[in-house]
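Chains A and B supply the protein sequences, listed in that same order. Residue numbers are given in this note's numbering: position 717 of the first sequence equals residue 717, and the series is strictly consecutive. Just add 1000 to wherever you are in the second sequence, counting from 1, and you've got this note's numbering. Structure, as structure tokens:
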Amino acid sequence: MKLSLIWRLLARDWRGGELGILIFALVLAVSVIVGISSFVTRLQSALMSESARFLAADLVIVSRSDLPTAWAEEAARLGLQTSDLLGFPSMAVADIDHMALVSIKAVSDGYPLRGALQWSAEPYGPLRTEGAIPLPGEVWLAPRLFSLLAVESGDQITVGETLLSVSGSVRSEPDATTAVFGFGPRLLMNTADIPATGVVQPGSRVEYRLLISGPAIATTAFEDWITPQLQEGQRVQSVEGTQPRIGDTLDRAQGFLLLAGSLAVVLAAAAITLASRRFGVRHTQYVAILKSLGAQSHEISRLYGASLFCLGAVTTVVGCALGWLMQEAFILVLGSLLPLTPGAAGGQPFAMGVATSAVCLACFAWPPLSRLGQAPPLLVLRADVQVDDVQKPTDFLLGGAAIIALMWWYSGSATVTAAVVGGLVMVVALGFLVARLLLSGGRKMGGFAGSIWRIALAGLQRRGRANALQMVIFAITIMLMLLLSVVRSSLISQWQDQLPPGVPNHFMLNLAPAERPLLTEFFDDNGIRSEVLYPMTRGRVIAVNDSALPEWDETESSDAPRQRGANFTWSDTVPAGNALKEGDWWDPDTEEPWVSIEEDFAEGIGAKVGDQVSLRIGADIVHAKIKNIREVDWQSMRPNFFMVFPRAVLEAYPGMYMTSFLLAAEQKSLLNKLVLAFPTVTVIELDVVIEEMRSVVSQVARALELVLAVILLAGSLVLVAGVQSSLDGRLKESALLRALGARRQVVLGTLWIEFLVLGALAGALGSAGAEAAAWGLQTAVFDMTWTPTVLMWWLGPLLGALTVGTLGVWSCRRVVNTPPVILLREV
Amino acid sequence: MIKVSHLLKTVPTADGDLDILRGIDLEIPAGSSAAIVGASGSGKSTLLGLLAGMDMATAGQIWIDGEPLADLNEDQRANLRAEKVGFVFQSFQLLPSLTALENVMLPLELAGVAGAADTAARFLTEVGLENRLEHYPTTLSGGEQQRVAIARAFAREPRILFADEPTGNLDTRTGERVIELLFTLNAISRTTLVLVTHDEQLAKRCDLRFGMVAGELQPL
């Protein structure tokens, strides 16, 4: 078979309008998969670099002792970048009246290897990122150290035995949460000045870090090389295990995108099946003519196989190109917000696109066409020859298996697949049942109604099987469209709930008990809204049920229960934002030695409800019985505690207080007044992080809108394909009605009724399926609370009726606008 | 040459087996024209389908140029049609998505004949449709569509041409013109013509005439 002939036949089919839906559905399937999977791959790589930002490197070697120079040399040999860092708590002295305990971080050239260090020339001044690190002889101070030490830029302070000049204020360090060296505010200096300070001596509490970054292969090779050489007190920190704050949001967004991709493929597969079936039915006569002209069965199969292959090749190329454009559009929408590595998507998404195309062609498009070769040539002589249906029940089994496999592959989650497939199975089963009951009952009802209703309902019943199939396809489409809309809305509202307007953006620690009224007054005077003040005592869990727990160092690399240090508080009620997982809360007046433990912490010390834990608080040993286990939302921006005691147990121990509060951008300078008024407190500024999270959420929400639009487009396509699949029969009947003298209104009326009834039924079924799948997805996948969507239950049938009705009547409009004789000749 | 011996065709129905053809014997020499005349439902079209190898007989044998059809499988019969047989149908059987030119080109392209477009255009010119090459079937009149079908049938220069009620869907005057064309082209290309019709006048123009009554064939 000549390729040119195949192209010509395809071109003729295209011109004849036979291929439109098939081509469109194939392009859609490939482009959505390529688009979404490239975007998700790039998002994942962005997440990795975001995680790397939190380490300031791809890999960090942490040690209590000086690191051998051979390690940095080996890293350099592997082509990796390195930077030294050391941290320790020490005193910074401005003059005899002004000194402060600080957390010193000494950095060398290249720091940070990942992420950016933000600083300003003046405390709370405009942020800068250029200039990298303090020069030798200079220090950058945390903003509030300026007031604590009563210094300005250009003044000198003493660290150990050396004088250093204050040249800036350190505002945001990428590794602030992973590199903590004591509680004091930060002092950033150059490693070149460390020997002169004389602070670092053998035995002093210094943490040495070697930061490493470079290609993944080289960092992995280095990690493999270094791990066996690590001594006691040395460990490796890698990107896995450091989760950025926005990680959870992006994780769920990815889950949503992959779900959307899977649904798009299900919709495209449905469109392909319908379009291919119609193509097969319409080509049966075509093939009979070809066979009467001498074409052999295998030639017909080859012809259609090759045509499909060519069609697949073109649509795959176009789909890949469109998919690439789609993910570029996503990136454009997300802007420069995410630190995305260009080209990180690689070839994998395109491979997925090609595989999707191959599966769609083989499992959905090919089966109806594969049987065309069997069409009897006798059809050209006699129209009454029995023709086998181009589609067999086994096709649907094959298609179903392919859909499950594809969904599983894309979503990478058996739970997602099970939830959606469960909903689909429900819709299919209920659909055929309802179709059977209602369509046959409808005929009886129609008998009592007017002629328009009688003709319409009789038509529905006459094409009962085809209508049931059509209704189920409509129902599946409506279900998937509703499902995605529901999941999107609840995801977005959940994100917004997580960071509601007015969420605290600063934490304050170390407030002395006597200072509480003064602080409240300060907040009131300045119009600052704060959370409750929580008492805070530090201690260490040393035993569970009188069995001593091992120290940290002995079990550093294992998950075995070990001693844990933590901040404790007391409370009369369950702290806001916490949920009891096991056990119950205590009476506020209780004097029993009870304790409430956070679930992961309980796991870390190997304890459960009813166990007795022993704690060291200061010089005392305290025993308490676990009353309950709590789930804590660590992203709530409220003070959260691993262990909470009844008031009577903890009140006796000296402790400091903590709280969180909201400070608007224009109130930022109040921080200086605050730290001057309360010199002992530590303020943790989270406003930048919260703004970043808000921005990510709103951008990600926009990306989800885009994807939803694509899915709605895919759904509309299936609806069009569905309506078209029964078009020939309807056109013929309507033309006959008109030929018999039926008025325009009668023909239009019957069409409206048929499609409205089909659409409304499909909408109701779709709502049921969407609700079932949403329940599965929200509870098992997205970790959200499921609430029935009442709106969907009446919106589904209404939208179904309107959409299917309008599309159906619009597709059949020719029947009232074209003379019946022409229609009858054509169909 | 076409030879048929003791041909039987039975189809199962709800009321038991129905004999459509009951022992047909027939010989049509090469280059001659034969008409099979009969009322609707007498079995004419069934016989034509069997002669063209598009259906299988219940019993009996058909030889086309000495080749026994019963011994050929479906693909071999299709091959025989491609090489030796042309068709003209009552309902034209043109492909609606193809232009007149493309419809005529189709069998040539399927056979891999070079210069299909030129040959097709030449035959369409011969049937007087040189101004309708790019027209689609729906924009052609019935007579014009049948002339496209005739051009398609002759374009492959077949040894045998089967025509099933070629004027059945046409008015009398158009029908006469189409028949005139059919016989003229047949005379030029020396094709064996087998015509199924219920039109006695048309049958009279053929060398041989057979009457089909209730599945039995009689020379007229």
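All residues carry an ideal CB built from backbone N, CA and C; glycine is no exception.
Identify the contact partners of residue i in chain A, using a Cβ-Cβ distance below 7 Å as the criterion.
i, result
"B/Gln-1093", "Ile-289, Val-380"
"B/Ala-1117", "None at all; the shortest Cβ gap to chain A is about 10 Å."
"B/Leu-1106", "Leu-293"
Interface residues of chain A around residue i at Cβ under 8 Å?
i, result
"B/Arg-1159", "Result: empty, since nearest Cβ-Cβ is about 12 Å, beyond 8 Å."
Closest Cβ-Cβ distance between residue i and chain A: below 8 Å?
i, result
"B/Ala-1082", "yes"
"B/Ser-1005", "no"
"B/Glu-1102", "yes"
"B/Asn-1169", "no"
"B/Pro-1219", "no"
"B/Leu-1124", "no"
"B/Ala-1078", "yes"
"B/Phe-1183", "no"
"B/Met-1012", "The residue you asked about is not Met; residue 1012 of chain B is Pro in the sequence shown. No, because no Cβ of chain A sits closer than 8 Å to the Cβ of B/Pro-1012."
"B/Leu-1110", "yes"
Under 8 Å, Cβ to Cβ, is there at least one residue of chain B near residue i?
i, result
"A/Tyr-286", "yes"
"A/Leu-398", "no"
"A/Gln-296", "yes"
"A/Pro-339", "Note that A/Pro-339 has pLDDT 49, beneath the 50 cutoff, so the model's placement of it is unreliable and no number is given."
"A/Pro-342", "Caution is warranted here: a pLDDT of 46 is assigned to A/Pro-342, below 50, making its placement in the model unreliable, and the coordinate value is therefore given only provisionally. With 8 Å as the cut-off, A/Pro-342 does not count as an interface residue toward chain B."
"A/Arg-814", "no"
"A/Arg-15", "yes"
"A/Gly-20", "no"
Which residues in chain B have a C-beta closer than 7 Å to the C-beta of residue i? List them in chain order.
i, result
"A/Pro-377", "Met-1054"
"A/Arg-12", "Ser-1097, Leu-1098, Glu-1102"
Along chain A, which residues have their Cβ under 9 Å away from the Cβ of residue i?
i, result
"B/Ala-1030", "In chain order: nothing, as chain A lies at least about 19 Å away."
For the segment 1037-1062 of chain B, which residues have a beta carbon sitting closer than 9 Å to at least one beta carbon of chain A? Taking 9 Å as the cut-off between beta carbons, the residues of the segment 1037-1062 of chain B near chain A are Ser-1045, Thr-1046, Leu-1048, Gly-1049, Ala-1052, Gly-1053, Met-1054, Asp-1055, in sequence order.
My parser needs the beta strand (DSSP E) runs of 3 or more residues fully inside the segment 487-575 of chain A; what are they? DSSP assignment within the segment 487-575 of chain A yields the following whole beta strand (DSSP E) runs of 3 residues or more, N-terminal first: 506-511, 534-544, 564-570.
Ignoring anything shorter than 3 residues or poking outside the segment 635-661 of chain A, list the beta strand (DSSP E) runs there in chain order. Whole beta strand (DSSP E) segments, 3+ residues: 643-645.
Counting beta carbon pairs with one atom in the segment 62-72 of chain A and one in the segment 371-381 of chain A, are three or more of them shorter than 8 Å? The segment 371-381 of chain A vs the segment 62-72 of chain A: no contact.
Using a Cβ cut-off of 8 Å, which residues of the segment 1063-1076 of chain B contact any Cβ in chain A, in chain order? Correct list: Glu-1074, Asp-1075.
Residues in the segment 1137-1165 of chain B with C-beta within 7 Å of chain A's C-beta atoms, listed in sequence order? Correct list: Thr-1138, Asp-1164.
Segments assigned alpha helix (DSSP H), at least 4 residues, entirely inside the segment 45-83 of chain A: Runs of the alpha helix (DSSP H) spanning 4 or more residues and lying entirely within the segment 45-83 of chain A occur at 69-77, in chain order.
Starting from the N-terminal side, write out each stretch of the alpha helix (DSSP H) that is 4 residues or longer and does not extend beyond the segment 666-729 of chain A. Fully enclosed alpha helix (DSSP H) runs of 4 or longer: 670-677, 687-725.
Kindly provide the ranges of any alpha helix (DSSP H) runs that are 4 or more residues long and lie completely inside the segment 1067-1103 of chain B, ordered along the chain. Along the segment 1067-1103 of chain B, the alpha helix (DSSP H) occurs as fully enclosed runs of 4 or more residues at 1074-1084, listed in sequence order.
Quick one: which unbroken beta strand (DSSP E) runs of 3-plus residues sit fully inside the segment 591-641 of chain A? Chain order, please. Within the segment 591-641 of chain A, the complete beta strand (DSSP E) runs of at least 3 residues are 594-598, 612-617, 620-632.
Check each residue of the segment 1194-1209 of chain B: if its Cβ is closer than 8 Å to any Cβ of chain A, include it; give the result in chain order. Result list empty, no residue passes.
Beta strand (DSSP E) runs contained entirely in the segment 117-148 of chain A, provided each spans 3 or more residues: Runs of the beta strand (DSSP E) inside the segment 117-148 of chain A: 118-120, 138-141.
The segment 196-214 of chain A touching the segment 50-60 of chain A, judged by at least three CB pairs closer than 8 Å: In short, these stretches touch, since the Cβ pair count reaches three.
Which residue spans inside the segment 378-406 of chain A form an unbroken alpha helix (DSSP H) run of at least 4? Taken in chain order, the whole alpha helix (DSSP H) runs of length 4 or more contained in the segment 378-406 of chain A number zero.
Count Cβ pairs between the segment 694-712 of chain A and the segment 778-792 of chain A that sit closer than 8 Å; are there 3 or more? The segment 694-712 of chain A makes no contact with the segment 778-792 of chain A, as fewer than three CB pairs between them are under 8 Å.
Can at least three beta-carbon pairs, one atom from the segment 135-147 of chain A and one from the segment 184-191 of chain A, be found at a separation below 8 Å? With a cut-off of 8 Å on Cβ pairs, the segment 135-147 of chain A is in contact with the segment 184-191 of chain A, counting three or more such pairs.
Mind the definition here: the segment 387-399 of chain A touches the segment 369-377 of chain A only if three or more C-beta pairs lie below 8 Å; say whether that holds. Between the segment 387-399 of chain A and the segment 369-377 of chain A, the count of Cβ pairs shorter than 8 Å is three or higher; the stretches touch.
Please confirm if the segment 494-508 of chain A is in contact with the segment 732-741 of chain A, defined as three or more CB-CB distances below 8 Å between the two stretches. Contact fails: fewer than three Cβ-Cβ distances are below 8 Å.
Curious, which full-length beta strand (DSSP E) runs of at least 3 residues does the segment 1154-1210 of chain B contain? Secondary structure within the segment 1154-1210 of chain B: the beta strand (DSSP E) runs of 3 or more consecutive residues, fully enclosed, are 1160-1164, 1192-1197 (chain order).
Measuring CB atoms only, is the segment 581-598 of chain A touching the segment 648-668 of chain A, in the sense that at least three cross pairs come out at less than 8 Å? Because the criterion of three Cβ pairs below 8 Å is met, the segment 581-598 of chain A and the segment 648-668 of chain A touch.
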